[in-house]
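Chemist: Residue numbers (UniProt numbering), protein chains in the order written: chain F, 1 to 207; chain V, 1 to 207.
There are 2 protein chains.
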Amino acid sequence: MARTALTREEVLDTAAGLVRQHGPEALTMRKLAAELGTAVTSIYWHVGNRESLLDALVERTVADLGAIRPRGASPAERVVSVARALRRQLRAHPHLVAMVHERGLTERMFLPAQRALVREVHAAGLRGARAAGAVRAVQFQVVGYVLVERNRERAPVQRPGEEELWDTAAAEGDEALARALAGPVDCDALFTASVRALVKSLLEPGA
Amino acid sequence: MARTALTREEVLDTAAGLVRQHGPEALTMRKLAAELGTAVTSIYWHVGNRESLLDALVERTVADLGAIRPRGASPAERVVSVARALRRQLRAHPHLVAMVHERGLTERMFLPAQRALVREVHAAGLRGARAAGAVRAVQFQVVGYVLVERNRERAPVQRPGEEELWDTAAAEGDEALARALAGPVDCDALFTASVRALVKSLLEPGA
DNA sequence: ACCTGAACACCGTTCAAGT
DNA sequence: ACCTGAACACCGTTCAAGT
Numbered sequence: 001m002a003r004t005a006l007t008r009e010e011v012l013d014t015a016a017g018l019v020r021q022h023g024p025e026a027l028t029m030r031k032l033a034a035e036l037g038t039a040v041t042s043i044y045w046h047v048g049n050r051e052s053l054l055d056a057l058v059e060r061t062v063a064d065l066g067a068i069r070p071r072g073a074s075p076a077e078r079v080v081s082v083a084r085a086l087r088r089q090l091r092a093h094p095h096l097v098a099m100v101h102e103r104g105l106t107e108r109m110f111l112p113a114q115r116a117l118v119r120e121v122h123a124a125g126l127r128g129a130r131a132a133g134a135v136r137a138v139q140f141q142v143v144g145y146v147l148v149e150r151n152r153e154r155a156p157v158q159r160p161g162e163e164e165l166w167d168t169a170a171a172e173g174d175e176a177l178a179r180a181l182a183g184p185v186d187c188d189a190l191f192t193a194s195v196r197a198l199v200k201s202l203l204e205p206g207a
Numbered sequence: 001m002a003r004t005a006l007t008r009e010e011v012l013d014t015a016a017g018l019v020r021q022h023g024p025e026a027l028t029m030r031k032l033a034a035e036l037g038t039a040v041t042s043i044y045w046h047v048g049n050r051e052s053l054l055d056a057l058v059e060r061t062v063a064d065l066g067a068i069r070p071r072g073a074s075p076a077e078r079v080v081s082v083a084r085a086l087r088r089q090l091r092a093h094p095h096l097v098a099m100v101h102e103r104g105l106t107e108r109m110f111l112p113a114q115r116a117l118v119r120e121v122h123a124a125g126l127r128g129a130r131a132a133g134a135v136r137a138v139q140f141q142v143v144g145y146v147l148v149e150r151n152r153e154r155a156p157v158q159r160p161g162e163e164e165l166w167d168t169a170a171a172e173g174d175e176a177l178a179r180a181l182a183g184p185v186d187c188d189a190l191f192t193a194s195v196r197a198l199v200k201s202l203l204e205p206g207a
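1. Against S42(V), what residues of chain F qualify as contacts under a CB-to-CB distance less than 9 Å, listed in chain order?
2. Return the CA-CA distance between R84(V) and L203(V), expressed in angstroms with no decimal places.
3. Using the three-state DSSP reduction, which class does H95(F) fall into: helix, strand or coil?
4. How long is the line joining the alpha carbons of V47(V) and T38(V), rounded to whole angstroms?
5. At least one CB of chain V closer than 7 Å to the CB of F110(F): is that the case?
6. Going by the CB atoms, is the gap between L147(V) and V135(V) shorter than 7 Å?
7. Using 8 Å as the cut-off, can you tell me whether the segment 93-109 of chain F makes contact with the segment 50-68 of chain F, which would need three or more C-beta pairs spanning the two stretches below that distance?
8. Within the 7 Å Cβ cut-off, does V47(V) reach chain F?
9. Do three or more CB pairs link the segment 56-72 of chain F to the segment 10-28 of chain F at distances below 8 Å?
10. Determine the direct distance from the alpha carbon of G125(V) to that of L198(V), and round the result to whole angstroms.
11. Could you tell me which chain F residues have their CB closer than 9 Å to the CB of G104(V), listed as they occur along the chain?
12. Threshold first: 4 residues or longer. Then list the alpha helix (DSSP H) segments lying entirely within the segment 71-146 of chain F, N to C.
13. Quick one: list the residues of chain F neighbouring K200(V), beta-carbon separation under 8 Å, in chain order.
14. Taking V11(F) and V79(F) to be in contact with their CB atoms under 8 Å, please state how far apart those CB atoms are, rounded to whole angstroms.
15. Measure the alpha-carbon distance for T49(V) versus S42(V) and round it to whole angstroms.
16. Is A5(F) close to chain V, meaning its C-beta is less than 7 Å from at least one C-beta of that chain?
17. Determine which residues of the segment 122-143 of chain V have a Cβ less than 8 Å from any Cβ of chain F, and write them out in chain order.
18. How many whole angstroms separate the CB atoms of A113(V) and L90(V), which I take to be in contact at a CB cut-off of 8 Å?
19. Quick one: grab the DSSP three-state call for M1(F).
20. Quick one: does L147(F) have its CB under 7 Å from some CB of chain V?
So, in structure tokens, the structure goes:
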């Protein structure tokens with residue numbers, strides 16, 4: 001006992017540590033108080049209630065995401081590099097990012113990247129609503145992909161199982177396709193290929 | 001009291017009704033028991049525990065999704081129609097589908113559509129791994145988009161706010177783009193445009 | 001200004017006991 | 001085979017009381 005004065009920062013740090021080590025479900029007010037060595041009710045003075053604590057935690061996580069530097073020779077390549085860098089960042093802190101997802105702020109994490117994308121679609125010659133549409137399309141695709149991956153990781157065993165669903169008959173005699181769909185997904189490759197395909201269409205000169 | 005015998009089906013029906021009317025957070029074992037007019041503990045005999053109850057509920061929701069009929073003249077158009085139909089289905093039962101999301105089974109809902117997609121990419125001339133990649137790319141994009149939309153609906157107010165972030169300066173002098181990015185997203189149009197763009201690239205003859 | 005313990009209203013779950 | 005109430009171990013939150 002007789003510990004040093006509690007601060008809002010300390011509460012947030014300890015809360016983040018708890019989440020990082022034992023996952024979001026371990027973050028209860030009582031466990032947090034135990035970890036801090038204070039009474040449960042002290043926390044309330046500093047952060048209001050559990051809801052605002054989570055808000056603050058998520059806010060910090062979003063703010064801590066690093067800047068993104070586009071790489072590559074063409075605008076298309078640079079857009080793809082931004083997408084890949086963002087995905088890598090999000091996968092670095094799975095638990096905290098999971099909380100960001102749960103609180104519906106996944107898109108917020110994309111905002112720093114948005115400026116970089118604007119520059120690239122401009123470089124590719126797009127303007128106005130068309131440029132905005134392209135930026136948004138990439139944004140939705142990247143954020144969506146990250147959400148899908150998280151979804152998959154949480155449900156590793158698909159109950160009927162994709163495998164038996166994809167016997168050769170169902171694949172219309174295309175055995176290579178049946179094998180590919182029955183096997184595991186190479187998420188990294190699929191992500192890159194999908195972004196590349198989308199960007200290619202979006203940046204094309206045609207209407 | 002002296003109510004008719006409790007059945008597993010009745011438990012699931014009532015649970016689904018509770019979710020449909022008051023959202024997933026209203027589904028507690030005690031509220032469910034009250035609704036059913038039984039003791040809390042009776043429920044446990046029929047469904048095991050809360051976790052399996054939710055599993056069963058989600059399973060039923062997924063199974064109840066209707067079949068999808070592709071429409072359109074070209075394979076590309078029919079792929080887009082499958083994507084749009086699926087999105088429409090998912091938006092019909094927001095609460096139950098939210099639970100499907102939370103339990104990581106969003107992709108499961110896509111399986112019925114997968115067969116239709118295989119037929120279309122075959123019709124477009126793709127085979128084997130390339131065909132499988134195309135199917136998966138569409139699958140991830142559609143599921144991802146639905147997840148993003150749900151994310152947005154849960155966080156209607158973006159705290160810094162996209163609006164003030166997109167003053168004309170940040171948009172590199174492109175005022176039409178600034179206006180477009182500051183305004184609300186036309187999710188329906190963006191979805192269709194994105195899928196169309198992706199599908200166009202994927203089904204193209206080139207490697 | 002900051003911290004505390006007691007108390008409240010909720011959870012999910014177990015279990016021995018009933019029919 | 002099915003249902004019950006009592007009890008347990010957890011929650012988040014409020015509040016009057018302390019310093």
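For glycine and all other residues, C-beta sits at the position ideal for the given N, C-alpha and C.
Here the structure is a predicted model, which means the values were calculated and not measured.
Modeler: Walking through what the data contain:
1. Within 9 Å of the CB of S42(V), no CB atom of chain F is found; the nearest one sits about 27 Å away.
2. Taking the straight line joining both Cα atoms gives about 18 Å.
3. H95(F) falls in the helix class under three-state DSSP.
4. Taking the straight line joining both Cα atoms gives about 14 Å.
5. No, its Cβ sits nowhere closer than 7 Å to a Cβ of chain V.
6. No, Cβ-Cβ distance for V135(V) and L147(V) is not below 7 Å.
7. The segment 93-109 of chain F and the segment 50-68 of chain F touch, with no fewer than 3 CB-CB distances between them shorter than 8 Å.
8. Not closer than 7 Å to any Cβ of chain F, the Cβ of V47(V) fails to qualify, so no.
9. With the cut-off at 8 Å, the segment 56-72 of chain F and the segment 10-28 of chain F touch.
10. About 17 Å.
11. Here the neighbours are R150, N151, R152, E153, R154, A155, P156.
12. The qualifying runs are 75-92, 94-102, 111-123.
13. Going along chain F in sequence order, the residues near K200(V) (Cβ under 8 Å) are S201.
14. Wrong, their Cβ atoms sit about 40 Å apart, outside the cutoff.
15. Sequence check: residue 49(V) is Asn here, not Thr. Approximately 11 Å, taken between the alpha carbons.
16. Cβ-Cβ to chain V under 7 Å: no for A5(F).
17. Within the segment 122-143 of chain V, the residues whose Cβ lies closer than 8 Å to some Cβ of chain F are H122, R127, G128, A129, A131, A132, G133, V135, R136, A137, F140, Q141, V143, listed in chain order.
18. About 11 Å separates the Cβ atoms of A113(V) and L90(V), ruling out a contact at the 8 Å cut-off.
19. Any reading at M1(F) is ruled out, since the residue's pLDDT is 45, under 50, leaving its predicted position unreliable.
20. It does: the Cβ of L147(F) has a partner Cβ on chain V nearer than 7 Å.
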